[in-house]
Structure formats: C-alpha cells, structure tokens
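Heads up: the protein sequence lines correspond to chains A and B, in order.
All you need for this note's numbering is the position in the first sequence, starting with 1, plus 71.
All you need for this note's numbering is the position in the second sequence, starting with 1, plus 71.
Every residue gets a Cβ at the ideal spot worked out from N, C-alpha and C, and that includes glycine.
If you're wondering where the values come from, they're calculated on a predicted model, not measured in any experiment.
A short write-up of the structure that comes next.
2 protein chains.
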Amino acid sequence: MTLGVREHVQESSRADILEAAANCFMERGYTETSIDDVARSLGATKGRIYHHFRSKADIFAEVFRVGMEMNYAAIERYRAMSDPVARWRHMAFAHAIQMITTKPFQRTVWVGVKMHLRGATTPEQRSVFAELIEYRTNYGNVFRETLVEGRESGDFRFDDLSIANQLMFVVLNSPIFWYSPRVGETRADIEDLARKVVTAAYRGLGGKEEQSTP
Amino acid sequence: MTLGVREHVQESSRADILEAAANCFMERGYTETSIDDVARSLGATKGRIYHHFRSKADIFAEVFRVGMEMNYAAIERYRAMSDPVARWRHMAFAHAIQMITTKPFQRTVWVGVKMHLRGATTPEQRSVFAELIEYRTNYGNVFRETLVEGRESGDFRFDDLSIANQLMFVVLNSPIFWYSPRVGETRADIEDLARKVVTAAYRGLGGKEEQSTP
DNA sequence: TGATGAACATACTACCGGGTATGTTGTCAA
DNA sequence: TTGACAACATACCCGGTAGTATGTTCATCA
Chain A
72 MTLGVREHVQ ESSRADILEA AANCFMERGY TETSIDDVAR SLGATKGRIY
122 HHFRSKADIF AEVFRVGMEM NYAAIERYRA MSDPVARWRH MAFAHAIQMI
172 TTKPFQRTVW VGVKMHLRGA TTPEQRSVFA ELIEYRTNYG NVFRETLVEG
222 RESGDFRFDD LSIANQLMFV VLNSPIFWYS PRVGETRADI EDLARKVVTA
272 AYRGLGGKEE QSTP
Chain B
72 MTLGVREHVQ ESSRADILEA AANCFMERGY TETSIDDVAR SLGATKGRIY
122 HHFRSKADIF AEVFRVGMEM NYAAIERYRA MSDPVARWRH MAFAHAIQMI
172 TTKPFQRTVW VGVKMHLRGA TTPEQRSVFA ELIEYRTNYG NVFRETLVEG
222 RESGDFRFDD LSIANQLMFV VLNSPIFWYS PRVGETRADI EDLARKVVTA
272 AYRGLGGKEE QSTP
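Next comes the structure, spelled out in structure tokens:
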C-alpha cells in the first residue's frame, strides 16, 4: 500500500510536474490551465514540461493514471475480506482518506471522467482515455459488487443498484469538493472526517445501525 | 411556483439564448464553450447574441440567476411548514425535481460556484458574482436551518452541521451529474428518481425510518 | 413613402495559449 | 579536453476565440 505520488512515478522531475499539474487542474480545470501556469508554479518554463511530456493531454492522462493507481493501492488489502459489510467499510474508509489526502489528483480524475462523458478528446487520446475510464470503471465495480453482496446478506437496503452506487460514490468522493486542509490538522482529524463521510454513505445505503469504523 | 425558463425571462429571444447557453455550459463547461457554439446551436451567429448580452460572462450570470430563481420558486410554498422533517422532505423533493428537470441551468450554477471559489472572475464581474453566490448561500441556509431544527427535535442525528449539510447537498444535487432523460419517461418516473435520492439523503442525515415522501 | 430603429449577419481585430524550433548550460565518459 | 547528450530556457508560429465595427433586412410610424 504505497499512497504517495513519489512511489508511483519514476523520475523526480516528472513527479514534480505531475503534482504541480494536478494542483492546477484542480484549481482551474483542464482548459483554464495553461502549460505556462504549470511551469510558473514550478518556477520554470514550458521547456522543462515539454522535455518530459509530449502534450498537455499527456500530462493530464498521467495525473489521472497516478490518481487511480493510488486508489487501487489503498483498497488492495481489503478486497479479499469475506464479510461484505466489513469489506465495504474498510474500502470506503480507505477511499475517503484517499479523496482527502490526494485531492488534486482525484479532482483531476473527476475532470477526466466528465471530459470523456462529453467526448472532449481527440482521436488519438481517445484510446488512452478509454483505457483510463475502464480502469476507473473496474475500480467502481469492486465497490458495486460489494453492494450486491451486502444487499443479498440483508445488510444493505436499496431498490436500484445503479442509483445506490452513484449516491454512495458522490458522498465518498465529495471531500474533493469541500475539504480544505486546516492549519495544525492531524492524521486523526482527517480520519475523523473520513469516518463521518463513511457513516453518511453507510446510512444512505440503508445499513444497519453503526458498529465502529476502522 | 413557476418552474420553467420562460416564466423567468422577459423576452423570448433572450430565453432561447439562455437555454442554448445553459446546454453548452453543461456539456462543455465555461471556457470550452465559445459564443459561436451557442450561436450555432441556435442556427444563428454572434451578432444575435451580442445584441442581447454584453459579454459571455453576462450570459453566464443570467443563466446562474435564472437557475437559482427557479429553485427558490420551487421550494417557496414549503418554507413555512412548521414540522421540520416534513418541511425538509418537501423542500428536498422539490429541489431534487429541479435538479432533474432543469439540469443544464443547475450544472451552470455548479460551474459558477466552482469558478467563484477559485476566484476566476474579473474585477467588475466580481460584484455581480458575489451577489449570485450570496443568493445561492441563502438558499442553502434555508435547508441548513431545517437541519438544525430537525436535529433539535431529535429527528436527525449527526455530529457536524456543516459536513451534514455538505453531504446532504451532494446527494440531492447529484442528479445533475448522473441523470439523463430516458425515452418515454413520464413525470412519475422522474418523481420516483427524486424519491430515491431524497430517501438516501434522509437516511444519511440519520433520519428515522421512512414515512412516505410527497 | 421614406426615415428610423430593432434584430440580426458579416467582416475584422487583438490576444491568448498549445506546440515547436532553436539556443544555453552543466555533466560525464572517452 | 572535448564532444555528446540531458535538462532545461527563449523565441517564435499559428489556430481559435472574445469582442467590435459595420453592413443588411424588415417592420412600424409619421
């Protein structure tokens, strides 16, 4: 379980650029972010960026990929748990923690999904993008399957699986929109936030009254 | 309670432009939407648009305002209800219906809020925008106050008011991201969707087991 | 009937931003 | 020592877009 950006990117200079780009994409969106913006936030110029990446879309795709890789890594150890509710709780908590601690990357993933949904990609990017979206879809399916099992076991109560899944994810993902770090914030504070988010999502799924969260 | 765009915009040509613009802003976002795009979707040219609006930002602000006006109109009749839970249920349901039926305008409001949060506005637009955001904040407070009363009466159970409010809104607003109209869809189908959304939000707030929704 | 203005269309300008072509500097190996 | 290459910076090109300036058409009214 390696959650940082560094562990998922080979060269240090590339990682710096990706982090800066993720921040810009989060703050200004894809189109509003110019390569010069990213360069300026690094105290550099375009030259440096185009030395490491072929295009703006290329950078974007990399940020997306790294974001998803970190998510997979975060839930990996819980995927084999037998009890669906316990599995869901652990995965949901890990997911929420990821949304908070790697917010710029997760916002970029969000932007990417929306871009793909409206087909705002060039033909060549098309295949790369499709692969990333599939990556993300598979990740979502890990949760979805857990919802199915949880409903069968009588632990969750909802009519429509797709809607329940959508609503669950908007809650678990929501910190990428409203969370902002506080001064002097500790790991415990962040975990407390994540717990509140998981609790709300759990209740929304019609889960039984709360046990403790990891 | 007038929910349509026509009832909130004086001239018909202006209303047409606003509707087309709302669709474009929803599909492509603010920056990605060119004035020519909006004009083309109307079978017209820039000339028509700049005859009715002074700038792109001006159109955007109008779409925002109309979107919010429709929302206010939708919940108006329920605001005076004494029972907080019943009030919340009616307002939440009306809100969810609005998210579904006026999706392009509501997505534009969403985009506008995000733009303001990152300060992507020019100085003059600044005051207009601030006013719109305040408009939206007041709307949110109507719900927030209901949450406070509902918690005091023991009907809702949550620790943090701000977080509960955030999570409630992301659920109620979520249809603007995942809803898309089906062929042959009836009003009853839409109300059924809204009911599911409201139920999930209600549960997330720690509401008691369900009565019927309006 | 002709003058006037609303409601557009057309033609043009200025600028911004992605991408490229070409320097410049430091490092390392032969 | 040099030459070769990585790792950038600088200078430039060019397509797209907000905004403007200037037609054009049609209805209305004196």
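List the residues of chain A whose Cβ lies closer than 7 Å to the Cβ of residue i, in chain order.
i	result
residue 271 of chain B	238 and 275
How is the alpha helix (DSSP H) around residue i delimited, first residue to last?
i	result
residue 145 of chain B	127 to 146
residue 173 of chain B	First-last for residue 173 of chain B: undefined, no H or E at that position.
residue 332 of chain A	Given a span of 72 to 285 for chain A in the structure shown, any question on residue 332 of chain A remains unanswerable.
residue 361 of chain B	Nothing can be reported for residue 361 of chain B: it is not among the residues displayed for chain B, which extend from 72 to 285.
residue 43 of chain A	In the structure as shown, chain A begins at 72 and stops at 285. Residue 43 of chain A is therefore absent and cannot be evaluated.
residue 190 of chain A	Element bounds for residue 190 of chain A: n/a, residue is neither H nor E.
residue 117 of chain A	117 to 123
residue 233 of chain A	232 to 244
Just to confirm, are residue i and residue j a CB contact at a threshold of 7 Å?
i	j	result
residue 163 of chain A	residue 243 of chain A	yes
residue 265 of chain A	residue 157 of chain A	no
residue 76 of chain A	residue 86 of chain A	yes
residue 171 of chain A	residue 246 of chain A	yes
residue 228 of chain A	residue 277 of chain A	yes
residue 196 of chain B	residue 249 of chain A	no
residue 135 of chain A	residue 183 of chain A	yes
residue 241 of chain B	residue 269 of chain A	no
residue 159 of chain B	residue 221 of chain B	yes
residue 217 of chain B	residue 175 of chain B	no
residue 292 of chain A	residue 102 of chain B	Absent from the structure is residue 292 of chain A, since the part of chain A shown begins at 72 and ends at 285.
residue 267 of chain B	residue 234 of chain A	yes
residue 117 of chain A	residue 128 of chain A	no
residue 199 of chain B	residue 259 of chain B	no
residue 271 of chain B	residue 239 of chain B	no
residue 123 of chain A	residue 88 of chain A	yes
residue 187 of chain B	residue 137 of chain B	no
Could you name the residues of chain A that residue i contacts, counting a contact when the two beta carbons are closer than 8 Å?
i	result
residue 98 of chain B	189
residue 102 of chain B	100, 102 and 103
Against residue i, what residues of chain B qualify as contacts under a CB-to-CB distance less than 7 Å, listed in chain order?
i	result
residue 230 of chain A	267
> Taking Cβ-Cβ distances below 7 Å as the criterion, which residues of the segment 233 to 267 of chain A are in contact with chain B?
Replying inline: Residues 234, 237, 238, 241, 242, 245, 249 and 267.
> Can you find at least 3 beta carbon pairs, one from the segment 148 to 161 of chain B and one from the segment 193 to 205 of chain B, that sit closer than 8 Å?
Replying inline: no
>> Contact between the segment 87 to 104 of chain B and the segment 178 to 196 of chain B is defined here as three or more beta-carbon pairs at a separation below 8 Å; is this criterion met?
In response: yes
>> Any contact between the segment 209 to 221 of chain B and the segment 136 to 146 of chain B? By contact I mean 3 or more CB pairs, one from each, below 8 Å.
In response: Yes: the two stretches touch, three or more of their Cβ pairs being nearer than 8 Å.
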